[in-house]
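For the sequence shown, position 63 (counting from the first letter as 1) is numbered 51 according to the working numbering, and the numbering increases by one without interruption. Idealized CB from N, CA, C, for every residue including glycine. Each remark here refers to the structure printed beneath this line.
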Amino acid sequence: MKCTQCNMGKYNQKKTPYIFLGETIGVFDALVCNHCGETLFESAASDKIEAEVKNKGLWGLRARTKVSEVGNSIDVRIPKNLVQFLSLKKGQEVIIEPIDKNKLQLIVN
Ligand SMILES: [Zn+2]
C-alpha cells in the first residue's frame, strides 16, 4: 500500500511506541511509511491506546474554562486535573504567551 501522505513510500507493519503528552503509552502495531515516517496505528491498537491513556489519567485534560475579572486583571481558572498534570503550585511563576489571536500558551518552568 502506497503512503497516503508522501505518495512515494510504502507502509511496513512495525511495533511503534505511542507517545502522548510526553509520556510513552506503550508499543503498538502500526503501519509506518518507509519514506516519510507517516504512522497509522491499527484500530485494535487505537482502542488499547485510548484505554491506556485513560488509565494513566491523561484523558480529558483539554477543558473549557471561564475568564473572570479580578480587580484590574483577568483570571483564568485551570481545572484541578490539569493543575495536577502540570504539577502547578500556588504562587509558582509561569510564562504565558500568545500563539495567535485565539491561542495562549502557558509554560511551566
Ligand atoms: Zn510516506
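| Considering only residues of the same chain and omitting the five flanking positions on each side of Asp63, which have a CB-CB separation below 8 Å? | Val55, Ser56 and Glu57
| message | If I follow the unbroken alpha helix (DSSP H) through Ser34, where does it start and stop? | response | Ser31 to Asn43
| message | From the DSSP secondary-structure annotation, give me the bridge partner or partners of Thr27. | response | Val20
| message | Excluding the 5 residues flanking Leu94 on each side, which residues of the same chain have their C-beta closer than 7 Å to its C-beta? | response | Val82 and Ile84
| query | For the beta strand (DSSP E) that Asn0 lies in, which residues bound it at each end? | reply | Tyr(-1) to Phe8
| message | Can you find the residues in the same chain that come closer than 6 Å, C-beta to C-beta, to Val15, ignoring five residues on each side of it along the sequence? | response | Lys3 and Pro5
| query | In three-state terms, what does DSSP make of Leu94? | reply | strand
| message | Whole angstroms are fine: how far does the CA of Ile13 sit from the CA of Gly45? | response | 11 Å
| request: Would you check whether ligand 1 has a heavy atom nearer than 7 Å to the C-beta of Gln(-7)? | output: yes
| request: Give a yes or no on whether the C-beta atoms belonging to Val96 and Leu70 are separated by under 8 Å. | output: no
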